[in-house]
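*Asks:*
In the working numbering, the protein residues as written are 4 to 157.
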């Protein structure tokens, strides 16, 4: 009875060794897969960081250019605005360039429109102030005439 038991135990030990070996191989494959995914993740993260840094640089440059354009337009310096616009043109290419140029043109038109509205509003304000001043003067004259007439009747 010990013989079949020993053979059975040996067979079980061999089967368990095979299972352990298979599980170890499976574990190694899982570790390799995890390492591969980790490398891919790190590579993509590095790429995203580079793209983010490039985008942040572009945003910073465009904000500076916009600030320069605003200050040039506020000062009425058209040549400086043209210089900045041409530097933007040399930095950008293709559809981005045409898009930025159209946005710049639209912004300049909007600026002109708002400037025109401001001038119109200022003119209307001046008219209103003058007419209100005249109306106030007329009211004061009428009031003084009524007071004078009231004093004469007494």
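Note that the Cβ used here is the ideal one computed from N, Cα and C, for glycine as well.
These figures come from a predicted structure and were not determined experimentally.
Apart from the five residues just before and just after residue 45, which ones in its own chain have a Cβ nearer than 7 Å to its Cβ?
*Replies:* Counting only Cβ-Cβ distances below 7 Å, and skipping sequence neighbours, we find nothing.
*Asks:* Can you tell me which of 110, 58, 39, 29 puts its alpha carbon nearest to the alpha carbon of residue 73?
*Replies:* Looking at the Cα atoms, 110 is the closest of the given residues.
*Asks:* Hey, is residue 64's beta-carbon within less than 8 Å of any beta-carbon in chain B?
*Replies:* You won't find chain B in this structure, because it holds only one protein chain.
*Asks:* Taking the alpha carbon of residue 61 as the reference point, which residue from 103, 114, 151 has its own alpha carbon closest?
*Replies:* The candidate whose alpha carbon is nearest that of residue 61 is 103.
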